[in-house]
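A short write-up of the structure that comes next.
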Amino acid sequence: MKLSQEKTSAVPGPADIQSTILTSLAEVDHKIESNPEMLELKDITDIEAKVQNIMNKLAKAREMLEEQAEEKRLKEEIEKEEVDLNEKKLKLAWMQKRPRVM
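In UniProt numbering, the protein residues as written are 1 to 102.
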């Protein structure tokens, strides 16, 4: 094969390949933009909204549980202090009733 025949071969060069790829990408992009259901974008958006809704509900539930735990802790602390106070009152009453030795 002669050198002149090699230069005129039908094999596309890098510029031709790049042009073909860019044209194909533009066509695909146009099809997607004109028909978003093609990629089920609506379903994905719906799923994302549901996930966000669930996350919000979980955050509210966590906050509610934390508040309930704090309320329970405070009630238990008050009850313990009331028991301690009652014990001290009983001890004081017992001490005041017993006869004193002088």
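Glycine included, each C-beta is placed from N, C-alpha and C at the ideal position. Quick caveat, the model's predicted, so the values are computed rather than measured.
Boundaries for valine 101: no alpha helix (DSSP H) harbours it, and the DSSP string shows neither H nor E there. C-alpha of threonine 23 to C-alpha of alanine 61: approximately 52 Å in a straight line. The alpha-carbon separation between isoleucine 32 and isoleucine 54 amounts to approximately 30 Å. In this structure, DSSP gives asparagine 35 a state outside helix and strand, which the three-state scheme calls coil. Rounded to whole angstroms, aspartate 84 and alanine 69 show a C-alpha spacing of 23 Å.
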